[in-house]
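>
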Amino acid sequence: MAKETLKDKAYQIIKEKIITCQYKPGTLLNEIELVQEVDSSHTPIREALSRLEQENLVKFMPKKGIWVTDIVMSDVRDVYEVRELIEPHIIRRWGCDISKDELKEYMDHCKKSLENTKDEEGKFKLDYILHDMILDQCRNAHLTRTMNQLQDQTRRLRNMTGNRNSRLKYIMEEHIEITKWLLESDYEKAAQAMIYHLQQGKQSSFDLLMGKGV
156 MAKETLKDKA
166 YQIIKEKIIT
176 CQYKPGTLLN
186 EIELVQEVDS
196 SHTPIREALS
206 RLEQENLVKF
216 MPKKGIWVTD
226 IVMSDVRDVY
236 EVRELIEPHI
246 IRRWGCDISK
256 DELKEYMDHC
266 KKSLENTKDE
276 EGKFKLDYIL
286 HDMILDQCRN
296 AHLTRTMNQL
306 QDQTRRLRNM
316 TGNRNSRLKY
326 IMEEHIEITK
336 WLLESDYEKA
346 AQAMIYHLQQ
356 GKQSSFDLLM
366 GKGV
């Protein structure tokens, strides 16, 4: 296997374990154990960890080791502040490129999910789908790279707090509102609906962290 492929494999495995909180925030990572878990040599592990440090998922501390970064209130504020700038911009700039057929199908799934009050996992997946659908239209590689990192942090927060959210019903309603304006080609109203959705998500994240005593 090529060196680049080994590095990518190590990166994906470690990253997924951080995001799903198999490696919880504040965990000290052991390079020897990572070598065994990933079934790799030391060099791809170190290169993967260096990349994860750039994404603020791990932190190198001299004489103390490599730690999985914590998630604190300031992180949530910063993540959502950037998302509130980027996602509405993508809608305004490239929302017209989103397939109307895909939007109609997505709207139907959201409405069905609202009727099924027990389908929590389905609602979470639908949440990701809309944001991915919008991000897929972005033609700016720098914005795309930034958004991918922010979505990783958002997903990690949900896993850290137990993946339970009393806002699930409202998330679906907010997504239906965004989708409605996209279908009507009113991209400014869709952008404003996205801002509202993200602001509500930010407050919910604050509440979840406070419940965890973070």
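Sequence positions in the sequence shown follow my numbering and run 156 to 369. Using N, Cα and C, we set each Cβ at its ideal position, and we do this for glycine too.
So the candidates are ILE253, TYR342, THR182, SER195; which of them puts its Cα closest to the Cα of ILE168?
Residue SER195 is the option with its Cα nearest to ILE168.
> Among all the DSSP beta bridges, which residues are the ones paired with MET216?
MET216 is bridged to GLY220.
> Got a sec: does the ligand COA put a non-hydrogen atom nearer than 8 Å to the Cβ of GLN354?
Only the bare structure without any ligand can be found here, which leaves the ligand COA out of the picture.
> Do ALA165 and ILE246 have their C-beta atoms within less than 9 Å of each other?
No, the Cβ-Cβ distance between ALA165 and ILE246 is not below 9 Å.
> From GLN354 to GLU171, what does the alpha carbon distance come to, in whole angstroms?
Their Cα atoms are separated by approximately 26 Å.
> Tell me, which residues are paired with LEU183 by DSSP?
For LEU183, which the question treats as bridged, DSSP gives the partners TRP222.
> Have a look at VAL234 and GLU188 and give me their C-alpha separation to the nearest angstrom.
C-alpha separation (whole angstroms): 31 Å.
> Helix, strand or coil: how does DSSP classify VAL190 here?
VAL190: helix per DSSP, three-state reduction.
> DSSP on CYS176, reduced to helix/strand/coil?
Three-state DSSP puts CYS176 in coil, outside helix and strand.
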